[in-house]
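So the sequence shown is residues 162 to 539, counted in the numbering used here.
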Amino acid sequence: MIITTSGGFFAWNGNVYESDIIRAAIRPKVNAVGKLKLEHVRKTVKDGKTEIAINPEPYLRMLMMRPNPYMSMQKMLEKLTVCKAINNNAFALIVRDDNGLPYEIYPIYATHVDALKDKQGRLYLRFTMCNTGQLLTFSYSDIIHLRKDIYSNDIFGEPNYNCLKPLMEIVTTTDQGVVNAIKNSNTIRWLLRYGRALDENKLKNNVKKFVNNYLKFSDDVAGVAAIDGDVDEIKQIEPKDFVPNASQMKLSEDRIYSYLNTNKKIVQSSWSEDDWNSYFEAEVEPDSLDIQNEFTWKIFSRREIACGNSIYAEAANLACASVQTKLAFVQMVDRGAWLPNEWRELFNRGPIEGGDKPIRRLDTATVSSAKGGETNED
Numbered sequence: 162m163i164i165t166t167s168g169g170f171f172a173w174n175g176n177v178y179e180s181d182i183i184r185a186a187i188r189p190k191v192n193a194v195g196k197l198k199l200e201h202v203r204k205t206v207k208d209g210k211t212e213i214a215i216n217p218e219p220y221l222r223m224l225m226m227r228p229n230p231y232m233s234m235q236k237m238l239e240k241l242t243v244c245k246a247i248n249n250n251a252f253a254l255i256v257r258d259d260n261g262l263p264y265e266i267y268p269i270y271a272t273h274v275d276a277l278k279d280k281q282g283r284l285y286l287r288f289t290m291c292n293t294g295q296l297l298t299f300s301y302s303d304i305i306h307l308r309k310d311i312y313s314n315d316i317f318g319e320p321n322y323n324c325l326k327p328l329m330e331i332v333t334t335t336d337q338g339v340v341n342a343i344k345n346s347n348t349i350r351w352l353l354r355y356g357r358a359l360d361e362n363k364l365k366n367n368v369k370k371f372v373n374n375y376l377k378f379s380d381d382v383a384g385v386a387a388i389d390g391d392v393d394e395i396k397q398i399e400p401k402d403f404v405p406n407a408s409q410m411k412l413s414e415d416r417i418y419s420y421l422n423t424n425k426k427i428v429q430s431s432w433s434e435d436d437w438n439s440y441f442e443a444e445v446e447p448d449s450l451d452i453q454n455e456f457t458w459k460i461f462s463r464r465e466i467a468c469g470n471s472i473y474a475e476a477a478n479l480a481c482a483s484v485q486t487k488l489a490f491v492q493m494v495d496r497g498a499w500l501p502n503e504w505r506e507l508f509n510r511g512p513i514e515g516g517d518k519p520i521r522r523l524d525t526a527t528v529s530s531a532k533g534g535e536t537n538e539d
């Protein structure tokens, strides 16, 4: 069936995830994306009015909570985000029942992916699995494909290998230089030169005697060594190991942070509310939209989407907001834009009875074009 190949994608196995700098740089985004809440939203128009239903289908509500028996949706989103951050591509397989309804989603971690097409022009992806080397081919319509940095390839995002490799080599070399400098600190520091040949045992005994007498702290020796006629010269050797300075090390670290679009405040959780909001809009929100679009178009058919079905990635957790900002959201509750229980969730409070019904202050009633205003009699 396969007649053409549209290029391929190689996962980078350069152990970049084993770097503490890389893992620390992507962890804030991974945790933030994992906190997204996926919901099935259905918008329908009836008698000129738009009706919104949240999670109307039980099977989709369960799927958005537990995509497979081995992980929650939070953990699956975290794994997909790690793969996307490192390889600029992340894949997940949608498993459907006999009726074509999705009931499980599994993340795919492969070392190589090929894009293939059949005679009808349908796109398939052939995965080379990382652990077993097994070749698995799936229809692209059943693959959730998250990607970024799309340039020369129409299917896959550009890999990070060429950009990150020189930076990782600098960091690795710098770390090895520091380790080697520490190891070399225990090398030869003194040279005893004798004017005549001595056997090996006597040389070792003389060295041991010199160390015990003059290279150990004691009360009767104040850093002065006396030599006899056998020793012509005592010379101290100073090692000259190259150790990168702090500015060079910081420059390499900042370059990696810049490439991954983060900074030290985000990595060390010392950000302010404005710092996090900027990071959220630059890094987390694009991934949220990517997840939202891919899940919608791969889970539903075109007809279902036209009927108002979609998967919405809700960033409801505003834990980064200050208490003052959270309290200001009470205005959204007064105007019926938020439910009381949604507001309570910002403070990690449980729901209350009647908190799932919108409320509205009497002085914020709906304005009518025919009358000066309407009174909210509820």
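Using N, Cα and C, we set each Cβ at its ideal position, and we do this for glycine too.
Fair warning: this is a prediction, and the values are worked out from it, not measured in the lab.
Segment limits, alpha helix (DSSP H) that includes residue i
{"i": "S483", "result": "Counting along the chain, S483 falls outside any alpha helix (DSSP H), and DSSP gives it neither H nor E."}
{"i": "F456", "result": "446-460"}
{"i": "E239", "result": "234-248"}
{"i": "L307", "result": "Element bounds for L307: not the alpha helix (DSSP H) but the beta strand (DSSP E), 304-308."}
{"i": "M476", "result": "Per the sequence shown, the amino acid found at residue 476 is Ala instead of Met. Careful: A476 lies outside any alpha helix (DSSP H) and carries neither H nor E."}
{"i": "E414", "result": "407-420"}
{"i": "E218", "result": "Premise fails: E218 is in no alpha helix (DSSP H) and is neither H nor E."}
{"i": "N176", "result": "That residue, N176, is in no alpha helix (DSSP H); it is neither H nor E in DSSP."}
{"i": "S439", "result": "434-440"}
{"i": "T507", "result": "It should be pointed out that residue 507 corresponds to Leu in this sequence rather than to Thr. Run containing L507: 501-507, per the alpha helix (DSSP H) assignment."}
{"i": "I513", "result": "Where I513 is concerned, there is no enclosing alpha helix (DSSP H), given that its DSSP letter is neither H nor E."}
{"i": "Q429", "result": "Neither: Q429 is in no alpha helix (DSSP H) and is coded neither H nor E."}
Three-state secondary structure assigned by DSSP to residue i
{"i": "K518", "result": "coil"}
{"i": "D315", "result": "coil"}
{"i": "N470", "result": "strand"}
{"i": "Y285", "result": "strand"}
{"i": "T298", "result": "strand"}
{"i": "Y264", "result": "strand"}
{"i": "R227", "result": "coil"}
{"i": "I255", "result": "strand"}
{"i": "T335", "result": "helix"}
{"i": "V385", "result": "Only weak support exists for where V385 lies, its pLDDT of 49 falling under 50; the value from the coordinates is given anyway. Here V385 sits in coil by DSSP."}
{"i": "D380", "result": "Low local confidence applies: a pLDDT of 48 at D380 is under 50, so the model's placement there is unreliable, with the coordinate-based value given in what follows. In this structure, D380 counts as coil in the three-state DSSP scheme."}
Local Cβ density within 10 Å of residue i, reported as buried at 16 or more and exposed below that
{"i": "A407", "result": "exposed"}
{"i": "A271", "result": "buried"}
{"i": "V206", "result": "exposed"}
{"i": "I269", "result": "buried"}
{"i": "F508", "result": "exposed"}
{"i": "V445", "result": "buried"}
{"i": "N192", "result": "exposed"}
{"i": "Y312", "result": "exposed"}
{"i": "D259", "result": "exposed"}
{"i": "T423", "result": "buried"}
{"i": "P327", "result": "exposed"}
{"i": "V243", "result": "buried"}
{"i": "A246", "result": "buried"}
{"i": "Q411", "result": "Before going further, note that residue 411 is Lys rather than Gln in the sequence given. Result: exposed."}
{"i": "D517", "result": "exposed"}
{"i": "T484", "result": "What sits at residue 484 in the sequence shown is Val, not Thr. Exposed."}
{"i": "N321", "result": "buried"}
{"i": "L199", "result": "buried"}
{"i": "S449", "result": "buried"}
{"i": "S552", "result": "Since the first residue shown for the chain is 162 and the last is 539, residue 552 is missing from the structure and cannot be characterised."}
{"i": "K190", "result": "buried"}
{"i": "G515", "result": "exposed"}
{"i": "M329", "result": "buried"}
{"i": "S419", "result": "exposed"}
{"i": "I183", "result": "buried"}
Boundaries (first-last residue) of the beta strand (DSSP E) holding residue i
{"i": "K207", "result": "198-207"}
{"i": "K278", "result": "271-279"}
Any chain C beta carbon closer than 8 Å to residue i
{"i": "P447", "result": "Absent here is chain C; the protein component of the structure consists of one chain."}
Taking contact to mean at least 3 C-beta pairs separated by less than 8 Å, is the segment 242-253 in contact with the segment 297-307? yes
Can we say the segment 483-491 touches the segment 211-230, given the rule of at least three CB pairs closer than 8 Å? no
Assess, as a yes-or-no matter, whether the segment 276-285 is touched by the segment 431-440 under the definition of 3 or more beta carbon pairs within less than 8 Å. no
Are the segment 460-479 and the segment 197-217 in contact at 8 Å, needing three or more beta carbon pairs? yes
If we count Cβ pairs, one from each stretch, closer than 8 Å, do we get three or more for the segment 235-248 versus the segment 209-224? no
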